Amino acid sequence: DAGVTQSPTHLIKTRGQQVTLRCSPISGHKSVSWYQQVLGQGPQFIFQYYEKEERGRGNFPDRFSARQFPNYSSELNVNALLLGDSALYLCASSLRYSRDNIAEQYFGPGTRLTVT
Amino acid sequence: LAKTTQPISMDSYEGQEVNITCSHNNIATNDYITWYQQFPSQGPRFIIQGYKTKVTNEVASLFIPADRKSSTLSLPRVSLSDTAVYYCLVGSSSTGGFKTIFGAGTRLFVKA
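In order, the protein sequence lines correspond to chains A and B.
Each residue of the first sequence is one higher than the last, beginning at 11 in our numbering.
Each residue of the second sequence is one higher than the last, beginning at 6 in our numbering.
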């Protein structure tokens, strides 16, 4: 079975531009989460979606938005890019959703975004 | 939100047991503790998860004391391929919904 896939693999954008990152979860997984990982740091939680609804949001500005489609794939959008948005963006899917505990998450390889 | 604190780095030799401790003093009652492994240029990979006491699977053990303010990941007989960053993760719920907090991670370097 295919794992979590993300596209594109790498992306270079200019400050002020907008970017859309895509994620396809493992077949049967209904929950998708997005993380930002700056070089040398741990992943920072951005969003979680389950059954097409936002279930959690991290401490990121409104320039960051996401959505989940009926097939459970997801897009992360970032507007008005800043140099500080340069990072590895990780998508993770999980089979179930729980308000309190953490279902085992399966991470994709990430999209490396460079903002110049 | 429960935050985690881990040692920045650790060194070990092949065949040794490695124990990595994570502090999470503000862990909530319903939070679980999860550990992930990450290699360069890859997404994190799930290792083990627990709520209290001890959990063991085919690759690791997780020890959680009664107060749950810390946890210890134990890797038996490490090999060179275990060189990676290990993250302690505590799930946290809030009025705003689901959130997860990764720590800064522990860089484990296994030497021959």
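Where a beta carbon is used, it is the ideal one built from N, C-alpha and C, also for glycine.
Values in this document were obtained by computation on a predicted structure and should not be read as measured data.
Within the DSSP bridge table, the entry for residue 60 of chain B names B:67 as partners.
Cα atoms of residue 107 of chain B and residue 96 of chain B: separation of roughly 9 Å, rounded to the nearest angstrom. At a cut-off of 7 Å between beta-carbon atoms, residue 107 of chain B makes contact with chain A. Closest by C-alpha distance to residue 41 of chain A, out of A:92, A:119, A:105 and A:23, is A:105. Straight-line spacing of the CA atoms in residue 91 of chain B and residue 25 of chain A works out to 33 Å. Distances from the CA of residue 91 of chain A to each of A:44, A:28 and A:72 were compared; the closest alpha carbon is that of A:28. In chain order, 92, 107, 108, 109 and 110 make up the part of chain B whose C-beta sits under 7 Å from the C-beta of residue 52 of chain A.
A check of alpha carbon separations from residue 70 of chain A across A:86, A:17 and A:62 identifies A:86 as the nearest.
If you draw a 10 Å sphere on the C-beta of residue 12 of chain A, you find fewer than 16 other C-beta atoms in it, and that means exposed. When the five nearest sequence neighbours on each side are left out, the beta carbons in the same chain lying within less than 6 Å of the beta carbon of residue 22 of chain A are those of 124, in order along the chain. Taken in chain order, the complete beta strand (DSSP E) segments of 3 or more residues contained in the region 11–91 of chain B are 14–18, 23–28, 38–43, 50–55, 58–61, 66–69 and 75–80.
Among the residues of the region 54–75 of chain B, those with a Cβ less than 8 Å away from any Cβ of chain A are 54 and 56, in the order of the chain. Ranked by how close their Cα comes to the Cα of residue 40 of chain B, the residues B:72, B:117, B:31 and B:54 have B:54 in first place.
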